[in-house]
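In the working numbering, the protein residues as written are 4 to 135. Here a beta-carbon is modelled for each residue, glycine too, at the ideal position from N, C-alpha and C. None of these values were measured; they are calculated from a predicted model.
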Amino acid sequence: MTPSLQTEIRVRYAETDAMAVAHHANYPIWFEVGRSDLMRSLGLPYTEVEAQGFFFMLSKLEVSYRAAARYDELLTLHTSIGAVQSRAVMFEYVLRRGETLIAFGSTHHVNTDKNYRVARIPDEVMRLLRGE
């Protein structure tokens with residue numbers, strides 16, 4: 004089963020514009036919160052990834068906005084792993100306020116070694132990412 008996790012996000016005042024609407028630049032940050040929470044739930048926090056000598060470097064970010072998120076609203080971010088390849092992983096995100104779709108998107112990450120050269124994802128990490 005594909006690993007996934009739900010994270011609650013409360014829109015903070017500092018994340019809004021003069022109309023009390025969440026600024027678009029916050030969505031990638033919220034995606035990172037979901038991605039970090041998911042990795043931690045798999046037993047592989049990013050600190051452990053880096054300690055093992057590799058990095059999931061961002062290579063692509065996509066966000067589609069559908070409705071405004073406003074100050075103090077409680078949102079639910081569903082984060083899942085969309086695809087795992089030998090040297091890359093894609094995460095998918097769906098952000099909702101109740102049943103209302105706020106935004107969705109994905110991030111694509113290339114695995115690199117400590118010298119930032121593209122490298123194969125270790126087998127034990129591949130198994131975790133695939134939910135095996």
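Can you grab the Cα-Cα spacing for the pair residue 116 / residue 22, in whole Å? Taking the sequence shown and counting its residues from 1, one reaches residue 116 at position 113. Taking the sequence shown and counting its residues from 1, one reaches residue 22 at position 19. Rounded to the nearest whole angstrom, the C-alpha separation of residue 116 and residue 22 is 43 Å.
Thinking C-alpha only, which one of 89, 100, 132 and 39 is nearest residue 70? Here the question's residue 70 lines up with position 67 in the sequence shown. If we check each option's Cα against that of residue 70, 100 comes out closest.
For the segment 104 to 122 against the segment 58 to 70, do three or more pairs of beta-carbon atoms, one drawn from each stretch, fall closer than 8 Å, so that the two count as touching? Judged by Cβ distances under 8 Å, the segment 104 to 122 makes contact with the segment 58 to 70, as three or more pairs qualify.
One or two residues paired with residue 133 in a DSSP bridge: Locating residue 133 in the sequence shown gives position 130, counting from the first residue. Partner(s): none; residue 133 has no beta bridge.
Within the same chain, show all residues whose beta-carbon is closer than 6 Å to that of residue 9, passing over the 5 residues directly before and after it, in chain order. To locate residue 9, count along the sequence shown from 1; it is residue 6. Excluding residues within five positions, the ones whose Cβ falls inside 6 Å are 79 and 81.
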